Amino acid sequence: MKKYNSKINKIRSFALSLIFIGFVIMYGAIFFKNNQILVLIFMTVGLLCIIGSTAVYGWIGLLSTKAVQVVCPECGKWTKVLGRVDICMYCNEPLTLDPTLEGKEFNQNYNKK
Ligand SMILES: [Zn+2]
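Residue numbers for the sequence shown follow this note's numbering, so the first one is 1396 and each next one is one higher.
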C-alpha cells in the first residue's frame, strides 16, 4: 500500500526543503566568486527560495486555521483535516469528513472536484 502523509505535514516539509535549497544555492555562489554577476544571481535565487519558504510557512498557518480539527479514532489525538480526505498527522490513519467515503480505501483524488 502506498504511504500517504498529512497534507499540512507535506507542505511543511516542502517549506523546510525550500530553506535548504536556498542555502545550498547561496553556498554554491562561493564557487563562482570570480564572476560577480553569477554570485549575484545565485544569491538572489537563494534568497528568493528562503523568502518563498517563509511565504509557504505563512500559508500553512492560514490553512491550519481553515482545517477542521478532529479527534483521530486510531490514536485519539487532535489532528487537522484539510479537504474531504486527509491523513492523521500522528499515526497516518486515513480520515474523511464525508460519510459517503467512509470505509473506502484512501485516495487523494477525492479532494479533486
Ligand atoms: Zn491518529
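Quick reminder that beta carbons are idealized off the backbone N, C-alpha and C, glycines included.
Treat the numbers as computed from the prediction; the structure is a model and nothing was measured.
Does residue i come within less than 8 Å of chain C when only Cβ atoms are used?
i	result
G1471	You won't find chain C in this structure, because it holds only one protein chain.
Here's the rule: buried if 16 or more other CB atoms are within 10 angstroms of the residue's CB, otherwise exposed. What is residue i?
i	result
V1463	exposed
F1437	buried
V1480	buried
I1420	buried
L1582	Any answer about residue 1582 is impossible in this case: the structure gives the chain only from 1396 up to 1508.
> Could you name the residues, in chain order, whose CB is less than 7 Å away from a heavy atom belonging to ligand 1?
Replying inline: C1467, E1469, C1470, K1472, T1474, C1483, Y1485, C1486, E1488
> Considering only residues of the segment 1432-1458, which uninterrupted alpha helix (DSSP H) runs meet the minimum length of 4 residues and lie entirely inside it, listed in chain order?
Replying inline: none
>> Just to confirm the assignment: which complete beta strand (DSSP E) runs, minimum length 3, are found wholly within the segment 1453-1501?
In response: 1463-1466, 1473-1476, 1480-1482, 1489-1491
>> Closer than 8 Å is the cut-off here; do at least three beta carbon pairs connect the segment 1410-1421 with the segment 1441-1454?
In response: yes
> Just checking, does the segment 1454-1473 make contact with the segment 1403-1412 on the three C-beta pairs under 8 Å criterion?
Replying inline: yes
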